[in-house]
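**Q**
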Amino acid sequence: MQYRVKPASGLQGVVRLPGDKSISHRYAMIAAVAEGDSKIENYSSGADCQSTLRCLRRLGIGIDKQDRTVTIHGRGLDGFRAPAEMLDAGNSGSTIRMLSGMLAAQPFTSSITGDESLVKRPMARIMKPLALMGATVTARDGQYPPLEIQGGKLIAIQYEPPVASAQVKTCVLFAGLHTAGVTSVVERVVTRDHTEVALREFGAEIEKSGPVISIVGRPALKAQNLVVPGDLSSAAFFLVAANLFPGSRVAIEGVGLSPSRTQLIDWLMMAGAQIRVLDVAQGAGEMVGSILVDGRALDGGVIEGAMAAGLIDEIPVLAVLGAVSRRGLTVRDAKELRVKETDRIATLAENMQRMGIEISVSADGFHIPGGQSFRAATLDSFGDHRIAMAFAVAGLRAEGGGETVIDNADAASVSFPEFYDTLESLRG
Ligand code: S3P
765 MQYRVKPASG LQGVVRLPGD KSISHRYAMI AAVAEGDSKI ENYSSGADCQ
815 STLRCLRRLG IGIDKQDRTV TIHGRGLDGF RAPAEMLDAG NSGSTIRMLS
865 GMLAAQPFTS SITGDESLVK RPMARIMKPL ALMGATVTAR DGQYPPLEIQ
915 GGKLIAIQYE PPVASAQVKT CVLFAGLHTA GVTSVVERVV TRDHTEVALR
965 EFGAEIEKSG PVISIVGRPA LKAQNLVVPG DLSSAAFFLV AANLFPGSRV
1015 AIEGVGLSPS RTQLIDWLMM AGAQIRVLDV AQGAGEMVGS ILVDGRALDG
1065 GVIEGAMAAG LIDEIPVLAV LGAVSRRGLT VRDAKELRVK ETDRIATLAE
1115 NMQRMGIEIS VSADGFHIPG GQSFRAATLD SFGDHRIAMA FAVAGLRAEG
1165 GGETVIDNAD AASVSFPEFY DTLESLRG
């Protein structure tokens, strides 16, 4: 699908977002190995989270779906059945990496693959700890999907991932969940903690002491009724869009505000954004609230170190903001961008250049000078949801009245199928 964006003059309105993608995956996987029926409301409508449900069904888990409510008939820690077919994680790195932790502990061999983007993404980061725990995982060229996972009884380990990755942390903790003894992950750069929060909610014993996160294996997990908060990474598109047009006002309701994810709000406020967080409450261990943003011209700034890990999903849209900001945007320490759904440094640079924006790239980041103007152009999502949505936002600020065209715009449905309608509903 092609999406055409007309320039806007301001944005006004109220937004409700699909359920958080990261939390939806985790609730579904943990509910599948809990005992009994879990009801998950506001489950993400994104294709990635449907991929997780499809894999769980192939593993013998009964799942009923009504609109955004998913009921998972959990079968306990030993309830998966050997799948008759290859599991398909679609575009979802979270599905393949996190579910592999559970598959490694099963008394059967399974295979899991994904779409043309996923089969190019590195899996050595999960293969290594799973091998240390005793599983045999083989991959195409030693590190790419399809993965063949010969599961079995694992041994508990302490593991320090070489990359800051919540997916790798979750993979190891999910393997540890099925393994007698205490499995630990040492996390030097803190990543999103939805796994820890959710496992605790389902009754697992999980502790954090300094950088060490430990899980006691083989608990009896109990089914839960849960509501998934709105996705803060999806909110990012509207937080940026509002700040492209001083005078805009956008309210985002019911959004997840996990302190492990709110670097986005901190960074925008550091850049001069006027953001208010309202009605904060806690549900199932996760913080939820509303965000009110009053658009104004921002300074831009630098994203580096731990901040780069914390903002990794939001960098594409923050780059759009950077181009029109006063100081521009410099990103360093973000080489993970190169192994996301696309090489996001390359795909960002390509689309920026097509829109007449100056950008210089490095191995682990880029620099975009501030004070630039977007020119309408024909762009490509390159099959990457966050690239599609970031440049739909850029198209709002194109000067000269022309329409920006985004090829393969349907990639947005990976995390946010309602994105374009929501964006259009905010035009002032
Ligand atoms: C995710 C973690 C991040 C993020 C991805 C979702 C998660 O990946 O980019 O969109 O749900 O744990 P890494 O953990 O590989 O950095």
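In our numbering, each number is its position in the sequence shown, counted from 1, plus 764. Note that CB positions come from ideal geometry on N, CA and C, so glycine has one too. Note that this is a predicted model, so its numbers are computed, not measured.
Using CA coordinates, which residue listed in A1035, V1019, D1063 is at the minimum distance from D1043?
**A** Along the sequence shown, one-based indexing puts residue 1043 at 279. Nearest of A1035, V1019, D1063 to D1043, Cα basis: V1019.
**Q** Rounding to the nearest angstrom, what Cα-Cα distance links K829 and A939 in this structure?
**A** Looking up residue 829 in the sequence shown gives position 65. Looking up residue 939 in the sequence shown gives position 175. Answer to the nearest angstrom: the Cα atoms are 27 angstroms apart.
**Q** Looking at G1076 and the ligand S3P, is the gap between the Cβ and the nearest heavy atom below 7 angstroms?
**A** Here the question's residue 1076 lines up with position 312 in the sequence shown. Inspection of the sequence shows that residue 1076 is occupied by Ile rather than by Gly. It does: the Cβ of I1076 is within 7 angstroms (strictly closer) of some heavy atom of the ligand S3P.
**Q** Which of helix, strand or coil does DSSP assign to Y807?
**A** As a position in the sequence shown, residue 807 is number 43, starting the count at 1. Note: Y807 maps to coil in three-state DSSP.
**Q** Assuming M887 and Y908 make a contact with CB atoms under 8 angstroms, what is their CB distance in whole Å?
**A** Sequence index remark: in the sequence shown, residue 887 carries index 123 (1-based). Sequence index remark: in the sequence shown, residue 908 carries index 144 (1-based). Right, their Cβ atoms sit about 6 angstroms apart.
**Q** Does L1021 come within less than 8 angstroms of chain C when only Cβ atoms are used?
**A** Protein chain content of the structure displayed is limited to a single chain, and chain C is not contained in it.
**Q** Answer yes or no: the CB of S786 versus the heavy atoms of the ligand S3P, is any distance below 7 angstroms?
**A** For the purposes of this step, residue 786 is taken as the residue at position 22 of the sequence shown. Because some heavy atom of the ligand S3P lies under 7 angstroms away, the Cβ of S786 counts as near it: yes.
**Q** Could you pull the start and end residues of the alpha helix (DSSP H) that S788 belongs to?
**A** The residue given as residue 788 occupies position 24 in the sequence shown. Run containing S788: 785-796, per the alpha helix (DSSP H) assignment.
**Q** Out of G1047, E971, I1055, state which residue places its alpha-carbon closest to the alpha-carbon of S997.
**A** The residue you call residue 997 lines up with position 233 of the sequence shown. The shortest Cα separation from S997 among G1047, E971, I1055 belongs to I1055.
**Q** Hey, how far is the Cα of A1098 from the Cα of M765?
**A** Here residue 1098 is taken as the residue at index 334 of the sequence shown, counted from 1. Here residue 765 is taken as the residue at index 1 of the sequence shown, counted from 1. Going from the Cα of A1098 to the Cα of M765 covers about 30 angstroms.
**Q** Considering only residues of the same chain and omitting the five flanking positions on each side of N806, which have a CB-CB separation below 6 angstroms?
**A** To locate residue 806, count along the sequence shown from 1; it is residue 42. Cβ within range, chain order: G783, R832, V991, V992.
**Q** Quick one: what does DSSP say I913 is sitting in, helix, strand or coil?
**A** Counted from its first residue, the sequence shown places residue 913 at position 149. Looking at I913 - three-state DSSP - the assignment turns out to be strand.
**Q** Nearest to A1070 by alpha carbon, out of V954, T835, S802, S858?
**A** Taking the sequence shown and counting its residues from 1, one reaches residue 1070 at position 306. The residue with the shortest Cα to Cα distance from A1070 is V954.
**Q** Which residues in the same chain as I1123 place their Cβ atom closer than 6 angstroms to its Cβ, once the five residues preceding and following it in sequence are excluded?
**A** As a first step, residue 1123 is located in the sequence shown; it is residue number 359 there, counting from the start. Only A1113, M1116, F1130, I1132 meet the Cβ criterion.
**Q** So is the beta-carbon of G857 under 7 angstroms away from any non-hydrogen atom of the ligand S3P?
**A** The count along the sequence shown starts at 1 and reaches residue 857 at position 93. Checking the Cβ of G857 against the ligand S3P gives yes.
**Q** Quick check on the DSSP output: the beta strand (DSSP E) that includes R768 runs from which residue to which?
**A** Within the sequence shown, residue 768 is the residue found at index 4, counting from 1. Start and end: 767-769.
**Q** Is T934 close to the ligand S3P? I mean its beta-carbon at under 7 angstroms from any heavy atom of the ligand.
**A** By one-based count along the sequence shown, residue 934 stands at place 170. Under cutoff, so the answer is yes.
**Q** When the Cα atoms are used, what is the spatial distance from D956 to P871?
**A** Position 192 of the sequence shown, counted from the first residue, corresponds to residue 956. Position 107 of the sequence shown, counted from the first residue, corresponds to residue 871. Strictly speaking, residue 956 in this sequence is Arg, with Asp absent from that position. One C-alpha to the other measures close to 30 angstroms.
**Q** Figure out for me which residue from R1161, S1145, T902 has the closest Cα to the Cα of V1178.
**A** For the purposes of this step, residue 1178 is taken as the residue at position 414 of the sequence shown. The option with the nearest alpha carbon to V1178 is S1145.
**Q** Are there any heavy atoms of the ligand S3P lying less than 7 angstroms away from the beta-carbon of R1102, as far as the coordinates show?
**A** Within the sequence shown, the letter at position 338 stands for residue 1102. It does not: the Cβ of R1102 is nowhere closer than 7 angstroms to a heavy atom of the ligand S3P.
**Q** Considering only heavy atoms of the ligand S3P, does any lie closer than 7 angstroms to the CB of R1090?
**A** Walking along the sequence shown from the start, residue 1090 turns up at place 326. No - the ligand S3P has no heavy atom lying nearer than 7 angstroms to the Cβ of R1090.
**Q** Can you give me the start and stop residues for the beta strand (DSSP E) that G1065 sits inside?
**A** As a first step, residue 1065 must be located in the sequence shown, where it is residue number 301. Element bounds for G1065: 1065-1067.
**Q** Run the CB neighbour count on N1197, radius 10 Å, all protein chains shown included, and call it buried at 16 or more, exposed below.
**A** No information on residue 1197 is available, as it lies outside the stretch 765 to 1192 that the chain covers here.
**Q** How about R1139 and M1153: do their beta carbons lie closer than 8 angstroms?
**A** Your numbering for residue 1139 matches position 375 in the sequence shown. Your numbering for residue 1153 matches position 389 in the sequence shown. Contact flag unset, no.
**Q** Going by alpha carbons, who is nearest to T1168 out of A1176, G1159, A1175?
**A** Counting from one through the sequence shown, the residue named residue 1168 turns up at place 404. Nearest C-alpha to T1168: G1159.
**Q** Let me check one thing: in DSSP terms, what residues is M1051 bridge-paired to?
**A** Here residue 1051 is taken as the residue at index 287 of the sequence shown, counted from 1. Beta-bridge pairing links M1051 to Q1046.
**Q** Based on the DSSP secondary-structure assignment, which residues constitute the bridge partners of T835?
**A** As a working note, residue 835 is residue 71 in the sequence shown. In DSSP, T835 forms a bridge with K803, D828.
**Q** Taking 7 angstroms as the cut-off, does the CB of A1176 come closer than this to any heavy atom belonging to the ligand S3P?
**A** Position 412 of the sequence shown, counted from the first residue, corresponds to residue 1176. No.
**Q** Note down the Cα distance separating Q931 from R861, rounded to an integer number of angstroms.
**A** The residue you call residue 931 lines up with position 167 of the sequence shown. The residue you call residue 861 lines up with position 97 of the sequence shown. Cα-Cα distance, rounded: 6 angstroms.
**Q** On the three-state DSSP scale, how would you describe I919?
**A** As a position in the sequence shown, residue 919 is number 155, starting the count at 1. Residue state, collapsed to three classes: coil.
**Q** Hey, V936 and V949: beta-carbon distance below 8 angstroms or not?
**A** Your numbering for residue 936 matches position 172 in the sequence shown. Your numbering for residue 949 matches position 185 in the sequence shown. Against a cut-off of 8 angstroms, the Cβ pair of V949 and V936 comes out as a contact.
**Q** Below 7 angstroms, is the gap between the Cβ of A1087 and the nearest heavy atom of the ligand S3P?
**A** Translated into the one-based positions of the sequence shown, residue 1087 becomes position 323. It does not: the Cβ of A1087 is nowhere closer than 7 angstroms to a heavy atom of the ligand S3P.
**Q** Go to L990, then tell me how far its beta strand (DSSP E) extends in each direction, as first and last residue.
**A** By 1-based counting over the sequence shown, the position of residue 990 is 226. From DSSP, the beta strand (DSSP E) with L990 extends over 989-991.
**Q** With the cut-off set at 8 angstroms, would you say R1090 and A1061 are in Cβ contact?
**A** Locating residue 1090 in the sequence shown gives position 326, where the first residue counts as 1. Locating residue 1061 in the sequence shown gives position 297, where the first residue counts as 1. Yes.
**Q** What would DSSP say about Q907, mapped onto helix, strand or coil?
**A** Counted from its first residue, the sequence shown places residue 907 at position 143. In this structure, Q907 counts as coil in the three-state DSSP scheme.
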